[in-house]
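J.: Please see the structure below; I have some questions.
Numbering (UniProt numbering), first residue to last: 1 to 621.
Pasting the structure below:
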C-alpha cells in the first residue's frame with residue numbers, strides 16, 4: 001500500500017483536483033505543481049517528522065517552573081516545515097503563501113499527520129488561528145498576527161474551555177474589561193483561567209497568539225449569563241508593535257503579556273503536543289513602568305464584534321473538527337500500514353487444508369488466515385473511506401471559495417455544514433477501531449511498546465473527545481444541521497447520494513447494482529426516521545438518542561463515499577494498477593456486507609422513540 005498513490009487516486013480520479021486550475025485563484029498551478037507539493041510533504045514527513053514520533057511520546061514536554069522544554073527534534077521538524085512554505089500552502093501570495101487548493105493542502109498535511117500527529121498539531125492550530133483572523137480580524141490585527149504566523153515566526157492557539165465549564169461555553173467566567181482604543185483595535189484586560197490549551201506555551205517560536213473567549217461585563221459590572229456576552233480576543237504571549245502596513249509591515253516582539261503557564265496536562269496520547277493550563281491576568285507579568293493603580297489583566301484585542309465571539313470562534317472550531325477527523329484518519333492509516341506489514345512477514349499456523357494438517361509443513365504468513373484478512377480489510381475500509389471523506393470536505397471548501405456560480409458556493413457551504421459532525425466523529429470512532437484491530441493483528445506484540453501500534457491507539461483515543469465529544473456532535477447534527485434552513489442541507493446531501501445511486505444502478509456489475517439498492521433503501525428509511533424524531537413534539541425525546549443517529553448517519557455517508565469510490569475505480573481501470581483497484585472494490589464490498597447492516601438496528605431504535613436513557617434516574621445507578 002502507498003499513501004502517495006492513494007492520495008493521487010483520490011485527487012486525480014475522484015475529486016478532479018486538476019480541474020481547479022481552470023479557476024483564476026489556482027491558474028498558476030498544474031497537476032505537476034500539485035504533485036511537487038505532495039512529494040515535498042512526503043519527504044518532510046519521512047525525514048523530519050516520523051523519526052522522532054516515538055521519542056516525543058517517551059519524552060513528553062516538561063515544565064521547570066519557568067519554561068517548557070521539548071526534545072530538539074520537534075523544533076527542527078517545524079523549522080523544516082516552515083522553510084518549505086507548507087504552513088502557508090493554502091494562503092494568498094500576498095501572505096507568502098502557495099495559493100494551493102484546500103484539497104491539495106490537506107492532502108499534504110495527511111502525510112505529515114501520518115508521520116507524527118503530535119508535532120503536526122502546532123502548525124495545524126496555527127493555520128486555523130490565522131484563518132479565523134483573516135475572516136474576522138482587522139487589517140491591523142492581520143498585519144500584527146497573521147503575517148508572522150504564516151511566516152512561522154508566531155504560532156497560535158484556541159482558548160475555549162475552563163476548569164469549571166468544559167464544553168459548556170455559556171458558563172465560562174473569564175472576563176474582559178475595556179481599557180481603551182489601541183492601534184490593534186479596542187484593547188481589553190482579561191482575567192480568568194483556560195484549560196486543555198494545546199500549544200499553549202513553548203519556546204518553538206518568537207510568540208504565541210492566543211484566541212481567547214471571554215465575557216464583557218454588562219453595565220452593572222456583572223457577567224451576562226449564557227452566550228450573549230461572549231466575545232473573542234487576540235491575546236499574544238508577548239506584546240507586539242507594528243511599523244508599516246500590509247507587505248511592508250514590520251512586527252517587533254516586546255515584553256511579556258500577563259499570560260502565565262499554570263501547569264501542564266499529561267495525556268495518555270498526543271504527548272508530543274504540549275497541553276496547558278493558562279492563567280490570564282494573574283499579575284506575574286506587568287508592563288514596564290506601570291503604576292500600582294494600573295488595571296490588572298492580560299492585554300487582549302477585540303476580534304470582530306462584541307458579543308459575537310462564539311460565532312467567530314466557530315470558524316476555527318469547525319476547521320479544527322475536520323482537522324481532528326483527518327488526524328484520526330491518518331493514525332488509523334498508520335496502524336493499518338504497520339499491521340499489514342507485520343501480517344505479511346509474520347509466519348504462524350498452517351492452512352485449513354489436508355496438507356496443512358502435517359505439522360512438518362511450513363508455517364504460512366498470518367495474512368493468509370481469513371480472520372486476519374477480515375481485520376485488515378476492516379482497517380482498509382475505515383482508513384481509506386475516512387481519508388476520502390476528509391478530502392471531499394476539503395474539496396467543498398475550495399468550491400465554497402471559488403465555485404463558478406453563487407448556487408455552487410451556497411451548496412458547498414450547506415454540504416460542509418452537515419458533513420462536519422460526520423467528518424470529525426466518524427474517523428474518530430472507526431479509525432480508533434482500526435487501531436484496536438492493528439493491535440489485534442500483532443497479537444501480544446501489539447500490546448507492547450516495541451511496536452508502534454500501541455502508541456497509535458493511545459494517540460487516537462483523544463480524538464473522540466477533541467473538539468466536541470460524540471454526544472456533542474450528535475446533538476449538533478440532529479438538533480441543528482438536519483433541520484437548519486428547513487432541512488436544506490439534509491435535502492441537498494440526499495440529492496447527492498441519490499445521484500451516485502443513479503449512476504451505480506447503471507453499472508454492469510451486479511454487486512454495484514445491489515449495493516446501490518441497499519444504500520437507497522436505508523437512505524429513505526433515514527429520512528423517515530428523521531421526520532419521526534422531529535414529529536415527536538418533545539425535544540428531549542427527539543435528542544435522547546442523538547449519538548445513535550450520528551452513528552447511523554455516519555455509516556450511511558460512508559457507504560455513499562465507498563459506492564462513489566468504487567465507481568471511480570471502475571472508471572480508472574488500468575491493468576498496471578489492477579491490484580490497487582481490486583482492493584477498492586473489495587473494501588467497498590466489505591463495507592456493504594459487514595458495516596452497512598449495522599445501521600438497521602440503530603434506525604429501529606430511533607424510530608421507536610425509546611426513552612430508556614432519558615428515564616434513567618441518578619439514584620438508580
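We put the beta carbon where it would ideally sit given N, CA and C, even for glycine.
How close, in whole Å, do the beta carbons of residue 154 and residue 82 come, if the pair is a contact with beta carbons under 8 angstroms?
T.: Here residue 154 refers to the residue found at position 154 of the chain shown. Here residue 82 refers to the residue found at position 82 of the chain shown. Contact doesn't hold; Cβ gap of about 11 angstroms is too wide.
J.: If residue 526 sits next to residue 479, beta carbons under 8 angstroms apart, how far is it from one beta carbon to the other, in whole angstroms?
T.: As a working note, residue 526 is residue 526 in the chain shown. As a working note, residue 479 is residue 479 in the chain shown. At roughly 16 angstroms, the Cβ-Cβ gap does not stay under 8 angstroms, so residue 526 and residue 479 are not in contact.
J.: Grab me the residues of residue 610's own chain with a C-beta within less than 8 angstroms of its C-beta, minus the 5 sequence neighbours each way, in chain order.
T.: Translated into the one-based positions of the chain shown, residue 610 becomes position 610. Cβ within range, chain order: 544, 545.
J.: Between which two residues does the alpha helix (DSSP H) holding residue 178 run?
T.: In the chain shown, the residue the question calls residue 178 occupies position 178. Unbroken run through residue 178 is the beta strand (DSSP E), 175-182; no alpha helix (DSSP H).
J.: Going by DSSP, what residue range makes up the beta strand (DSSP E) through residue 196?
T.: Here residue 196 refers to the residue found at position 196 of the chain shown. Note, residue 196: beta strand (DSSP E), 185-198.
J.: If you run the structure through DSSP and keep just helix, strand and coil, what is residue 630?
T.: Here the chain has residues from 1 to 621 only, and residue 630 is not among them.
J.: I believe residue 324 touches residue 424 by the beta-carbon criterion, under 8 angstroms. Please report the beta-carbon distance rounded to the nearest angstrom.
T.: Start at 1 with the first residue of the chain shown, and residue 324 comes out as number 324. Start at 1 with the first residue of the chain shown, and residue 424 comes out as number 424. Their Cβ separation, rounded to whole angstroms, is 5 angstroms, which keeps residue 324 and residue 424 in contact under 8 angstroms.
J.: Candidates 11, 436, 114: which alpha carbon is nearest residue 47's?
T.: Reading the chain shown from its first residue, position 47 is the one you call residue 47. Closest option to residue 47, Cα to Cα, is 114.
J.: If contact is defined by three or more beta carbon pairs under 8 angstroms, each pair taking one atom from either stretch, is the stretch 234-250 in contact with the stretch 160-170?
T.: Judged by Cβ distances under 8 angstroms, the stretch 160-170 makes no contact with the stretch 234-250, as fewer than three pairs qualify.
J.: Can you tell me whether DSSP reads residue 342 as helix, strand or coil?
T.: Your numbering for residue 342 matches position 342 in the chain shown. Three-state result, residue 342: helix.
J.: Which residue comes first and which comes last in the alpha helix (DSSP H) that contains residue 228?
T.: Stepping through the chain shown from its first residue, residue 228 is reached at position 228. Looking at the DSSP string, residue 228 is not in any alpha helix (DSSP H), and its letter there is neither H nor E.
J.: What's the gap between the Cα of residue 673 and the Cα of residue 594?
T.: Outside the displayed span of the chain (1 to 621) sits residue 673, for which this structure offers no information.
J.: Should residue 284 go down as buried or exposed, given a rule of 16 or more other Cβ atoms within 10 Å for buried?
T.: In the chain shown, counting from the first residue as 1, residue 284 sits at position 284. Exposed.
J.: Per DSSP, which residues does residue 277 bridge with? Please list them.
T.: Numbered from its first residue, the chain shown carries residue 277 at position 277. DSSP, once it has assigned bridges, lists 195, 263 as partnering residue 277.
J.: Do three or more CB pairs link the stretch 357-373 to the stretch 306-320 at distances below 8 angstroms?
T.: They do not touch, by the three-pair rule.
J.: Can you have a look at residue 203 and say buried or exposed, based on whether 16 or more other CB atoms are within 10 angstroms of its CB?
T.: Against the chain shown, residue 203 aligns to sequence position 203. Flag for residue 203 reads exposed.
J.: Anyone know if the C-beta pair for residue 335 and residue 456 falls short of 7 angstroms?
T.: In the chain shown, the residue the question calls residue 335 occupies position 335. In the chain shown, the residue the question calls residue 456 occupies position 456. Closer than 7 angstroms, so yes.
J.: Could you give the first and the last residue of the continuous alpha helix (DSSP H) run that contains residue 523?
T.: As a working mapping, residue 523 is identified with position 523 in the chain shown. Segment 510-534, the alpha helix (DSSP H) holding residue 523.
J.: Near residue 565, which residues of its chain fall below 7 angstroms by C-beta distance, leaving aside the five closest residues on each side in sequence?
T.: The residue you call residue 565 lines up with position 565 of the chain shown. Result list for residue 565: 14, 388, 584, 588, in chain order.
J.: Around the Cβ of residue 620, are there at least 16 other Cβ atoms within 10 angstroms (buried) or fewer (exposed)?
T.: Position 620 of the chain shown, counting from 1, holds the residue named residue 620. With fewer than 16 other Cβ atoms within 10 Å, it is exposed.
J.: With residue 452 and residue 428 assumed to form a contact (beta carbons below 8 angstroms), what rounded beta-carbon distance in angstroms separates them?
T.: Residue 452 sits at position 452 when you count from the first residue of the chain shown. Residue 428 sits at position 428 when you count from the first residue of the chain shown. So it is not a contact: roughly 19 angstroms between Cβ atoms.
J.: What's the gap between the Cα of residue 300 and the Cα of residue 615?
T.: Taking the first residue of the chain shown as 1, we reach residue 300 at position 300. Taking the first residue of the chain shown as 1, we reach residue 615 at position 615. Each residue's Cα considered, the two are about 46 angstroms apart.
J.: What does a CB cutoff of less than 6 angstroms around residue 476 pick up in its chain, not counting 5 residues either side in sequence?
T.: If you number the chain shown from 1, residue 476 lands on position 476. The answer, listed in chain order, is 421.
J.: Looking at residue 212 and residue 178, is the spacing between their C-beta atoms short of 7 angstroms?
T.: Residue mapping note: residue 178 aligns to position 178 of the chain shown, counting from 1. Residue mapping note: residue 212 aligns to position 212 of the chain shown, counting from 1. For residue 178 and residue 212, no; Cβs fall outside 7 angstroms.
J.: Along the chain, where does the alpha helix (DSSP H) containing residue 499 start, and where does it finish?
T.: Here residue 499 refers to the residue found at position 499 when the chain shown is read from its first residue. Run containing residue 499: 488-504, per the alpha helix (DSSP H) assignment.
J.: Give the DSSP-derived three-state secondary structure of residue 332 in the structure shown.
T.: The residue labelled residue 332 in the question sits at position 332 within the chain shown. Correct three-state label for residue 332: helix.
J.: Please report the Cβ distance between residue 276 and residue 197, rounded to the nearest whole angstrom; I am assuming they are in contact, meaning their Cβ atoms lie under 8 angstroms.
T.: Mapped onto the chain shown, residue 276 falls at position 276. Mapped onto the chain shown, residue 197 falls at position 197. Right, the Cβ-Cβ distance comes to about 5 angstroms (below 8 angstroms), so this counts as a contact.
J.: With a 10 Å radius around its C-beta and 16 neighbouring C-beta atoms as the bar for buried, classify residue 61 as buried or exposed.
T.: Residue numbering aside, residue 61 sits at position 61 when the chain shown is read from its first letter. The residue is buried, with at least 16 neighbouring Cβ atoms inside 10 Å.
J.: Rounded to the nearest angstrom, how far is the Cβ of residue 381 from that of residue 329, given a contact under 8 angstroms?
T.: Here the question's residue 381 lines up with position 381 in the chain shown. Here the question's residue 329 lines up with position 329 in the chain shown. Not quite, the Cβ-Cβ distance comes to about 12 angstroms (not below 8 angstroms), so this is no contact.
J.: Looking at the secondary structure, which residues open and close the beta strand (DSSP E) in which residue 255 lies?
T.: Numbered from its first residue, the chain shown carries residue 255 at position 255. Here the beta strand (DSSP E) through residue 255 covers 250-256.
J.: Within this structure, are the beta carbons of residue 481 and residue 418 separated by less than 7 angstroms?
T.: In the chain shown, the residue the question calls residue 481 occupies position 481. In the chain shown, the residue the question calls residue 418 occupies position 418. Cβ distance < 7 angstroms, so residue 481 and residue 418 count as in contact.
J.: Assuming residue 157 is part of the alpha helix (DSSP H), what are its boundary residues?
T.: As a working note, residue 157 is residue 157 in the chain shown. Segment 154-159 is the beta strand (DSSP E) holding residue 157; no alpha helix (DSSP H) there.
J.: Are the beta-carbon atoms belonging to residue 78 and residue 26 less than 7 angstroms from one another?
T.: Walking along the chain shown from the start, residue 78 turns up at place 78. Walking along the chain shown from the start, residue 26 turns up at place 26. Cβ atoms of residue 78 and residue 26: not closer than 7 angstroms.
J.: Under 7 angstroms between the Cβ atoms of residue 459 and residue 331?
T.: Residue mapping note: residue 459 aligns to position 459 of the chain shown, counting from 1. Residue mapping note: residue 331 aligns to position 331 of the chain shown, counting from 1. Yes, Cβ-Cβ distance for residue 459 and residue 331 is below 7 angstroms.
J.: To the nearest angstrom, report how far apart residue 553 and residue 494 are at their CA atoms.
T.: Taking the chain shown and counting its residues from 1, the one referred to as residue 553 is at position 553. Taking the chain shown and counting its residues from 1, the one referred to as residue 494 is at position 494. About 11 angstroms.
J.: Are the stretch 91-109 and the stretch 27-34 in contact at 8 angstroms, needing three or more beta carbon pairs?
T.: Yes: the two stretches touch, three or more of their Cβ pairs being nearer than 8 angstroms.
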